[in-house]
Ligand code: FES
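Numbering (the numbering used here), first residue to last: 175 to 530.
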């Protein structure tokens with residue numbers, strides 16, 4: 175064992191004659207073993223499918239069976255969607271629908287995933303190789319070589335040659351999106367124009383503003399300065415499709431000092447003594463705008479923090495929303511209750527393609 179004059183430590187490496195100690199300029203710690211030989215790659219072990227043609231056939235059958243299983247799963251999911259329709263209020267139907275669609279989609283994914291893995295592990299070429307690191311940008315020769323490699327991969331994987339497997343995989347991939355298409359199509363209204371449905375709400379002239387969810391009408395005298403009320407149209411709770419209608423018609427009602435409101439000429443008469451009503455549906459992606467900052471008179475959407483300025487007709491002052499919240503014109507009836515003058519003058523909520 176030698177003593178290091180510089181660091182004051184002992185070097186164990188100096189005890190071995192087989193090891194040469196190299197002292198670098200800065201640290202003096204690099205150690206190079208002079209007799210180490212690169213052992214190379216271990217001998218290649220062939221897979222059973224490489225040496226036994228029967229095993230190869232078996233693996234081939236398993237792979238395309240899994241892809242066919244995937245196709246069956248996709249078809250099963252579509253059939254389940256039709257066979258177990260969701261009836262309003264029927265929990266058993268909902269459970270069956272969810273269960274069988276889930277089973278079908280799981281089978282479809284499982285078949286494609288397992289089939290692809292099994293194909294790669296059992297049948298694709300089993301050559302081992304070493305790829306040295308090289309600059310990221312390729313030369314013309316490299317590009318030409320990549321094309322060759324693609325051809326080679328095609329030959330070795332058998333993608334072009336094993337047509338039964340290839341076609342069954344293509345079939346499985348084509349069939350897999352079908353449940354999604356059928357399910358999303360089922361969400362759209364069947365007999366009505368979606369653009370029309372999105373453009374109008376159930377608010378109409380004379381409809382009273384009522385509390386959400388009780389449906390109790392609100393008098394102008396109930397709305398004190400600084401207060402905010404969550405509002406639904408009168409009679410909404412009696413509608414069969416009340417949830418769909420509420421998703422468009424929900425309103426926030428606030429009272430400010432009339433002097434704080436900057437009202438444009440075309441909206442004169444849409445408010446009553448500082449009481450204003452705005453759509454509660456965020457114009458970004460439709461979350462309920464539920465937070466009112468009493469001091470600043472700002473409405474805040476909790477989803478992505480879009481902020482609307484109530485003093486200035488709910489213009490967007492922060493966040494991703496692109497349009498102000500639509501205003502509901504209101505008035506007071508002969509009994510002092512707040513009523514709508516009409517529906518909104520523009521579609522509520524997020525943008526859609528046909529929105530004008
Ligand atoms: S939905 Fe309101 S900010 Fe995104």
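Think of the CB as a built atom: it goes at the ideal place given N, C-alpha and C, for glycine as much as any other residue.
Measuring C-alpha to C-alpha distances from residue 404 to each of 450, 363, 287 and 230 identifies 450 as the nearest. The C-beta distance from residue 432 to residue 447 rounds to 6 Å, short enough to fall under 8 Å. Separation of the CB atoms of residue 481 and residue 492 is rounded to 4 Å, and the pair is thereby assigned contact status at 8 Å.
Beta bridge pairing from DSSP links residue 467 with 472. Placement of the Cβ of residue 460 at a distance of less than 7 Å from at least one heavy atom of the ligand FES is found.
Taking the Cα positions, residue 225 is about 25 Å away from residue 323. The closest heavy atom of the ligand FES lies less than 7 Å from the beta carbon of residue 493. For the 8 Å CB-CB criterion, residue 452 and residue 502 form a contact. In terms of Cβ geometry, residue 288 and residue 230 do not form a close pair [threshold 8 Å]. The region 384-394 makes contact with the region 405-424, as at least three CB pairs between them are under 8 Å. When the beta-carbon positions are compared, residue 516 and residue 350 stay at least 8 Å from each other. Between residue 484 and residue 474, the CB-CB gap reaches or exceeds 8 Å. Here residue 300 carries a coil assignment [DSSP, helix/strand/coil].
Cβ contact annotation for residue 521 (same chain, cutoff 6 Å, sequence separation greater than five): 372, 373 and 529, in chain order. Here the alpha carbons of residue 401 and residue 408 stand approximately 20 Å from one another. Non-local beta-carbon contacts of residue 258 in its own chain, meaning distances under 7 Å to residues more than five positions away in sequence, involve 267, 270, 271 and 274 in chain order. In this structure, DSSP gives residue 498 a state outside helix and strand, which the three-state scheme calls coil. A check of alpha carbon separations from residue 359 across 420, 234, 255 and 514 identifies 255 as the nearest. Judged by DSSP secondary structure, residue 514 falls within the beta strand (DSSP E) whose first and last residues are 512-514.
Closest by C-alpha distance to residue 379, out of 219, 232, 506 and 418, is 506.
Uninterrupted alpha helix (DSSP H) stretches at least 4 residues long and entirely within the region 199-252 occur at 222-225, given in chain order. Residue 251 is positioned such that its CB atom lies no closer than 8 Å to that of residue 214. Excluding sequence positions up to five before and after residue 312, its CB lies within less than 8 Å of the CB of 320, all in the same chain and listed in chain order. Closest in alpha carbon position to residue 508, among 441, 302 and 393, is 393. Residue 244 counts as buried, since at least 16 other C-beta atoms from the protein chains shown sit within 10 angstroms of its C-beta.
Nearest in C-alpha terms to residue 490, of all of 343, 456 and 208, is 456.
A distance below 8 Å between beta-carbons, with the five flanking residues on each side excluded, links residue 487 to the following residues of its chain, in chain order: 436, 437, 438, 441, 498 and 501. Under the three-state reduction of DSSP, residue 417 is assigned to helix.
When DSSP states are grouped into helix, strand and coil, residue 451 belongs to the strand group.
Apart from sequence neighbours up to five positions away, the residues of its chain that approach residue 376 with a beta-carbon distance below 6 Å are 407, 419 and 423, ordered along the chain. When secondary structure is reduced to three states using DSSP, residue 368 falls in the helix class. With respect to the C-alpha of residue 417, the residue from 242, 262, 232 and 240 having the closest C-alpha is 262. Residue range 504-506 is occupied by the beta strand (DSSP E) that includes residue 505. Looking at 369, 429, 382 and 413, the one whose alpha-carbon comes closest to that of residue 397 is 429.
As for any alpha helix (DSSP H) of minimum length 4 sitting wholly inside the region 392-440, the runs are 416-423, ordered along the chain. Assigned with DSSP and collapsed to three states, residue 306 falls in coil, not helix or strand.
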